[in-house]
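In my numbering, the protein residues as written are 15 to 423.
For each residue, glycine too, the CB sits at the ideal point set by N, CA and C.
Since the structure is predicted, the reported quantities are computational estimates derived from the model, not experimental observations.
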């Protein structure tokens with residue numbers, strides 16, 4: 015007997031996801047490390063910077079010699095030399111002296127600040143007037159101010175951004191140990207689905223979900239593997255599952271997760287040895303008829319066939335699953351968000367989380383969230399929307415003017 019829609023709370027889904035192990039590791043060059051997830055802690059092998067460094071062109075001075083300096087009463091300092099870029103100064107600067115220095119230059123002993131060029135004037139070839147005082151360490155990056163030797167730069171599980179590659183280059187780390195990108199197979203199911211290069215007859219639709227989900231997999235850090243279209247037949251569906259699970263870490267079955275008599279996903283899953291169905295139904299709308307199961311150590315997601323429902327379930331849960339087994343660590347519902355006010359009332363059903371597509375509109379100084387209504391089989395509302403609005407499971411709606419947070423796409 016089929017057990018259907020004993021739904022679970024959305025937050026419980028994340029606990030189940032965390033039961034899955036991370037994929038393997040590999041070493042890549044930093045040229046290929048963008049958006050990859052570290053499989054190791056990265057420690058600094060040195061102090062960065064390794065010396066007090068100027069951040070402006072000007073003169074390295076002892077800041078005490080500039081106290082009280084002004085255009086009316088400038089401080090006079092003797093120029094005793096210049097700091098050459100890339101070289102270590104072999105001299106000491108005494109009180110009442112200054113040396114010319116460029117941005118990035120090493121401050122010599124006896125100096126603790128840099129006076130910018132525009133606040134100096136030459137009295138003669140060996141003397142300058144300082145027209146403005148500087149505080150200790152003004153225009154100076156201190157020794158090990160960025161990172162201390164053996165200090166942690168990145169933790170294992172951190173996803174690298176462009177700016178992060180710069181510090182890896184700074185410490186001379188040309189290669190990093192990262193998690194492999196999870197391979198995610200996508201199968202579209204349904205007798206009505208046809209390839210995108212064919213002309214649909216009445217009752218047929220092109221395979222939208224394979225392409226939409228594959229793009230979302232790529233964006234989440236996974237490697238999409240399109241497995242094609244499978245008719246609503248038990249044997250065909252089981253064969254493609256076997257084939258996909260031999261190649262992929264996660265299998266997405268789009269369609270076949272509702273209560274229709276021709277939906278075979280649960281039957282196929284239960285026909286495998288060492289299979290376990292975690293749930294069939296999540297308290298969200300759209301996306302309630304969602305399945306998560308395991309065959310051996312591989313995950314199978316049964317997603318709704320309606321494109322909007324499939325996309326929302328992916329954004330809420332599948333994306334996090336890909337990131338989790340790809341080594342990335344996260345907190346539930348840690349999305350990029352924008353604050354806004356409701357442009358109108360929106361009704362909801364208590365006991366489930368509703369996700370409303372919204373467009374952000376600026377009216378005067380306010381940002382309004384304008385709901386975009388449409389059935390879950392339509393893709394146009396997702397195209398028009400800037401994000402999703404979550405209506406909490408305990409609420410019956412949102413009111414016009416109410417402050418909300420929009421989950422941005």
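Neighbourhood of residue i by C-beta, 7 Å cutoff - its chain only, sequence neighbours within 5 removed
i           : result
residue 203 : 244, 246, 251, 267, 268, 269, 270
residue 388 : 394, 395
residue 20  : 295
residue 30  : 292, 306
residue 171 : 51, 52, 341, 342, 343
residue 351 : 419, 420, 421, 422
residue 260 : none
residue 195 : 235, 236, 237, 340
residue 386 : 371, 372, 373, 395, 398, 399
residue 49  : 173, 174, 235
residue 137 : 90, 143
residue 278 : 246, 248, 251, 270
DSSP state of residue i mapped onto helix, strand, coil
i           : result
residue 373 : strand
residue 404 : strand
residue 325 : helix
residue 410 : coil
residue 39  : strand
residue 430 : Past the edges of the chain, shown from 15 to 423, lies residue 430, and the structure says nothing about it.
residue 123 : strand
residue 222 : helix
residue 252 : helix
residue 366 : coil
residue 84  : coil
residue 258 : helix
residue 490 : The chain is shown from 15 up to 423; residue 490 falls before or after that span and cannot be answered.
residue 308 : strand
residue 143 : strand
residue 302 : coil
residue 46  : helix
residue 152 : coil
residue 228 : helix
residue 434 : Residue 434 lies beyond the stretch modelled for the chain, which goes from 15 to 423, so this question has no answer here.
residue 57  : strand
residue 205 : coil
residue 132 : helix
residue 216 : coil
Contacts around residue i, its chain only, beta-carbon distance under 8 Å, and the 5 residues preceding and following it disregarded
i           : result
residue 47  : 174, 179, 182, 190, 192
residue 7   : Residue 7 lies beyond the range of the chain shown here (15 to 423); nothing can be said about it.
residue 284 : 291
residue 409 : 362, 364
Range of the contiguous beta strand (DSSP E) that encloses residue i
i           : result
residue 193 : 189–193
residue 283 : Taken as a continuous stretch (DSSP letters only), residue 283 belongs to no beta strand (DSSP E), being part of the alpha helix (DSSP H) at 279–285.
residue 73  : 72–75
residue 356 : 351–356
residue 268 : 264–268
residue 417 : 417–422
residue 290 : 289–294
residue 238 : 237–244
residue 91  : 89–96
Short CB-CB distance (under 9 Å) between residue i and chain D
i           : result
residue 212 : In the displayed structure, chain D is absent; only one protein chain is listed.
Backbone CA spacing between residue i and residue j [nearest angstrom]
i           : j           : result
residue 328 : residue 233 : 11 Å
residue 80  : residue 135 : 14 Å
residue 39  : residue 53  : 7 Å
residue 217 : residue 320 : 15 Å
residue 308 : residue 42  : 30 Å
residue 167 : residue 414 : 45 Å
residue 311 : residue 69  : 53 Å
residue 1   : residue 121 : Since the displayed the chain opens at 15 and closes at 423, residue 1 lies outside it and no answer follows.
residue 302 : residue 177 : 39 Å
residue 420 : residue 326 : 14 Å
residue 127 : residue 98  : 17 Å
residue 188 : residue 45  : 8 Å
residue 257 : residue 378 : 56 Å
residue 28  : residue 215 : 41 Å
residue 288 : residue 32  : 19 Å
residue 185 : residue 159 : 14 Å
residue 228 : residue 197 : 11 Å
residue 375 : residue 354 : 9 Å
residue 240 : residue 201 : 7 Å
Boundaries of the alpha helix (DSSP H) in which residue i is found, first to last residue
i           : result
residue 335 : 333–339
residue 177 : 176–184
residue 26  : 24–31
residue 394 : 394–398
Close beta carbons around residue i, own chain, < 6 Å, minus the five adjacent residues each side
i           : result
residue 129 : 72, 73, 75, 144, 148
residue 123 : 106
residue 276 : Low per-residue confidence applies at residue 276: pLDDT is 46, beneath 50, and the placement is therefore not dependable enough to give any value.
residue 324 : 223, 268, 317, 318
residue 335 : 31
Below 8 Å, can you find three or more Cβ-Cβ pairs linking the segment 103–117 to the segment 73–81?
yes
Report yes or no: do three or more beta-carbon pairs, one from the segment 79–94 and one from the segment 138–151, lie closer than 8 Å?
yes
I want to know whether the segment 159–168 touches the segment 55–63 - three or more CB-CB distances under 8 Å.
They touch, by the three-pair rule.
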